[in-house]
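According to numbering that gives the first Met the number 0, the sequence shown is numbered sequentially starting from 0. Even for Gly, the Cβ is constructed at its ideal location relative to N, Cα and C. It should be emphasised that the depicted structure is a prediction, and the values quoted were computed from it without experimental measurement. Scroll down for the structure; my scribbles are underneath it.
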Amino acid sequence: MAQKNDYLTDPFNNGIVAILKGIDRDVERGEDVLMLGLGIVMLSSTFAPVAPPSILLPLVALTFAFSASFARINYHNMQRKLLASIAQLDGHDQLILHPLTAVFSESPMHSLAVSFNPLKNLKRTWKSALGGLLINPLWMPIFYVMGMQISEEKNLGVLNRAIIGVERHIYHDEDTKSRRFSP
0 MAQKNDYLTD
10 PFNNGIVAIL
20 KGIDRDVERG
30 EDVLMLGLGI
40 VMLSSTFAPV
50 APPSILLPLV
60 ALTFAFSASF
70 ARINYHNMQR
80 KLLASIAQLD
90 GHDQLILHPL
100 TAVFSESPMH
110 SLAVSFNPLK
120 NLKRTWKSAL
130 GGLLINPLWM
140 PIFYVMGMQI
150 SEEKNLGVLN
160 RAIIGVERHI
170 YHDEDTKSRR
180 FSP
């Protein structure tokens, strides 16, 4: 299945509404991926009686790593498609969608290579090492990728609030116009 390069699906519909629907759907997809990873990790305790920690804990870390990675790829795709879609709109519509582009510019997400590099994320590395020392050294990679998962969730939450703000602005303006013109 070919992947769309922008959110403008139908040239006859309102471009802002199409962009908001598309990016909202992608935010939900990212949240679903993160929740799936968290759910799988929560279910991993059911395998504790049959799987030793030396097998189970790396699988937990891999689950967090995969879900955070897929969410990061989805985030970068959202940014790319949003910028491509906004480039096709006029200036007024671009101004309305500015809060969405501001989220991507104010909290940029680095590439996966940077995120997985412990030397470039010293704060996350320090926190995971401290947690590993307090609980178990096998938990250090889990804490590290859990930090990635939390970062992804935080950025999707900020983007979701920006989408809600733009939707409120649009529908508040439409509601005001309809009241002004109705008898």
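Measure the C-alpha to C-alpha separation of L55 and E30 and round it to an integer number of angstroms.
-> For L55 and E30, the distance between alpha carbons rounds to 24 Å.
Beta-carbon proximity list for N142, same chain, < 7 Å, skipping 5 on both sides = In the sequence as presented, Asn is not what sits at residue 142; that position holds Phe. Answer for F142: K126, S127, G130, G131, listed in chain order.
What are the boundary residues of the alpha helix (DSSP H) that Y74 is part of?
-> From DSSP, the alpha helix (DSSP H) with Y74 extends over 52-85.
Beta-carbon spacing of K80, N4 below 8 Å = In contact: K80 and N4 (Cβ atoms closer than 8 Å).
Per DSSP, what kind of secondary structure is M108 in: helix, strand or coil?
-> Three-state result, M108: coil.
What's the C-alpha gap between V59 and S150?
-> A straight line joining the alpha-carbon of V59 with that of S150 spans about 17 Å.
Counting only the same chain and skipping the five closest in sequence on each side, list residues whose C-beta sits under 8 Å from that of T124.
-> So the qualifying residues of the chain are P117, L118, Y143.
Exposure of A50, with buried meaning 16 or more beta-carbon neighbours within 10 Å = By the 10 Å Cβ count, A50 comes out exposed.
Helix, strand or coil: how does DSSP classify F115 here?
-> Here F115 sits in coil by DSSP.
Do the CB positions of V32 and F69 come within less than 8 Å of each other?
-> A contact, by the Cβ cut-off of 8 Å.
Using the Cα positions of L61 and F46, report the straight-line distance between them to the nearest angstrom.
-> Between L61 and F46, the C-alpha separation is close to 15 Å.
Take every Cβ of the segment 84-95, pair it with every Cβ of the segment 104-113, and state whether three or more of those distances are shorter than 8 Å.
-> In short, these stretches do not touch, since the Cβ pair count stays below three.
Any heavy atom of the ligand NAP closer than 7 Å to the CB of S66?
-> Absence of the ligand NAP from the depicted structure is noted, as is the absence of any ligand whatsoever, leaving it without description.
Applying the criterion that 16 or more other CB atoms from any shown protein chain within 10 Å of the CB defines a buried residue, is I15 buried or exposed?
-> With a threshold of 16 other beta carbon atoms within 10 Å, I15 meets it and is buried.
Quick one: give me the first and last residue of the alpha helix (DSSP H) that A17 is part of.
-> Here the alpha helix (DSSP H) through A17 covers 14-42.
Determine the DSSP secondary structure at I134, reduced to helix, strand or coil.
-> I134 falls in the coil class under three-state DSSP.
Taking just the CA atoms, how far does A161 sit from T8?
-> C-alpha separation (whole angstroms): 22 Å.
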